[in-house]
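Participant:
Residue numbers (this note's numbering): 2 to 192.
Quick look at the structure:
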C-alpha cells in the first residue's frame, strides 16, 4: 500500500506557501461519517495551522461520496474559493457498487479539475476494510485530510502564480506594442 511506512499527516511546514489570503471549500460526505469527520478534522487543523482564517473556510455536507461531485461543482460555481477539498469514504462491500462509486467519484473530480480553473482535491478513501479507513483518518497512518489540505494550499498557490504570470505577460505585450487594443477597448485580465 502507498501509505505503508508513511504518515499522511507529516509535511514540511517550510515548503507550504503562505495561505492567509486563500479561501477554501470543503465538501464532506455524510456516509461513513465516523471516517469523514476524522478526515475533515485533519483538513481543518492543517488549514488553520497554515494561517488560513476560519472565516475563509466553507463547509458543505452531502449525503454520500457520489454526491461530492455535484457539491464540489456548486461550491466552485457559487463560492469565491481558491480550492475545494472533496472528503469521502467508500469501503469495499460484497457487490460491485464499490467499484462504480469509486470510479464515478474519481472521474467526476478529475472532470471538475479539467473543466474549471479552481483545483478540486480528491480526499476520498477507497479502502477494503473499515480498519484501513480508520488508520488513514487519524489512525496509525496519520490523516489523509491533512495531506489533502496541504495539497489544496499548494494548488491554490500554483493557480495564483499562474494567474500573476499571465497578467505580467499581458502587461509586457501591451507595453512593448506587441499587442494593441482598439481605442476605448478595456483590457480584461482574467485569472
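The beta-carbon is built from N, C-alpha and C at its ideal position, and this holds for glycine as well.
1) Less than 7 Å between the beta carbons of residue 66 and residue 39, yes or no?
2) In this structure, how does DSSP classify residue 83 when only helix, strand and coil are distinguished?
3) Using 7 Å as the threshold, is the C-beta distance between residue 44 and residue 150 below it?
4) Cα-Cα, which of 92, 142, 72 and 98 is closest to residue 110?
5) Kindly confirm or deny that the segment 53-69 and the segment 89-102 touch, where touching means at least three C-beta pairs closer than 8 Å.
6) For my contact list, residue 147 and residue 46 are in at a C-beta cut-off of 8 Å; report their separation, rounded to the angstrom.
7) Where does residue 15 sit, in a helix, a strand or coil, going by DSSP?
8) Look up residue 190 in the DSSP assignment and say whether it is helix, strand or coil.
Facilitator: Reading from the atomic positions:
1) The beta carbons of residue 66 and residue 39 sit no closer together than 7 Å.
2) Residue 83: coil per DSSP, three-state reduction.
3) Residue 150 sits close to residue 44, with the two beta carbons spaced by under 7 Å.
4) Closest option to residue 110, Cα to Cα, is 72.
5) The answer is yes - the segment 89-102 touches the segment 53-69, with three or more Cβ pairs under 8 Å.
6) Right, the Cβ-Cβ distance comes to about 7 Å (below 8 Å), so this counts as a contact.
7) Assignment of residue 15 by DSSP, reduced to helix, strand and coil, places it in the helix class.
8) Model confidence at residue 190 stands at a pLDDT of 49, short of 50, so the residue's coordinates are unreliable and nothing is read from them.
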